[in-house]
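Peer 1: Using the numbering used here, the first residue of the sequence shown is number 361, and each one after it goes up by one.
For each residue, glycine too, the CB sits at the ideal point set by N, CA and C.
Computed from a predicted model, the values in this text were never measured in an experiment.
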Amino acid sequence: MNNNEPRIKFYSFESQKIDFSKIDFPKGLDLDKPVTVSKDFNNALKTVIQKDIELLSNNLNKIVKEIIKKLAINEIILDEKLTGDLENVDGIINQLEKIISDVIIKKGSIKIGVFSTNKKEKKGKIQGLEECISFLSKCQNDIISIKNEYIKLKDRDNSLSYVGVEENKPDTEEDPLERTISFYMKKQEQN
């Protein structure tokens, strides 16, 4: 770690980096001390992270259901069951790659010749399979995005255990973010 950088991390605002030279830090703030937070604050952050993970899991399940529906419309039967398990998102991506290649092979196997019968029906099947391939590719990109976000959330959740925690003690000056999270945590407990 560079000694000139403070230990407190700030997020960028609308893709603009924060210029530390323009920030007047409070006189009592020592940037070399480790950052400590209360247990309630960490618990509240963990709860928020878990809700985000649940939301990602629900989105993944919706995408998997749409994939299964689209494959059924195009009369494609899966060899293995496709599940929306967030812990096995890499397996889902690999399975989806195999499904896309199978659909491409199925589309290529439909031949339309000069003397072919049911040309209109075959053209309709080819068009349906092309739409299915583009849909599956879009879903694959969405699942990769979900995977990346899931990894970020898990890393944040794991990093919370490494932050210094101080016992709850009455503070004369309370952090506004901590006060807001505590408010919503107490509101959730009442419900």
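#1: Specify whether the region 461–481 and the region 509–523 touch according to this definition: at least 3 beta carbon pairs, one from each stretch, less than 8 Å apart.
#2: What distance in whole Å lies between the Cβ atoms of residue 456 and residue 496, which are believed to be in contact at a cut-off of 8 Å?
#3: If you check the beta carbons only, do residue 436 and residue 467 fall under 8 Å apart?
#4: Between 499, 408, 423, 470, which has its C-alpha nearest residue 484's C-alpha?
#5: For residue 473, count neighbouring C-beta atoms within 10 Å of its own C-beta (all shown protein chains included) and say buried if the count is 16 or more, exposed if not.
#6: Let me make sure I understand the geometry here. Which of 418, 415, 506, 442 has the alpha-carbon closest to that of residue 428?
#7: Looking at C-alpha atoms only, which residue of 506, 451, 542 is the closest neighbour of residue 423?
#8: Go ahead and label residue 543 buried or exposed: buried means 16 or more other beta carbons lie within 10 angstroms of its beta carbon, across all protein chains shown.
Peer 2: Quick look at the numbers:
#1: Because the criterion of three Cβ pairs below 8 Å is not met, the region 461–481 and the region 509–523 do not touch.
#2: With 8 Å as the limit, residue 496 and residue 456 qualify as a contact, their Cβ atoms being about 6 Å apart.
#3: Taking 8 Å as the Cβ cut-off, residue 436 and residue 467 do not qualify as a contacting pair.
#4: Among 499, 408, 423, 470, the Cα nearest to that of residue 484 belongs to 470.
#5: The Cβ neighbour count for residue 473, taken over all protein chains shown within 10 Å, is under 16; the residue is labelled exposed.
#6: Closest option to residue 428, Cα to Cα, is 442.
#7: Minimum Cα distance to residue 423 is reached at 506.
#8: It is exposed - the Cβ of residue 543 has fewer than 16 other Cβ atoms within 10 Å.
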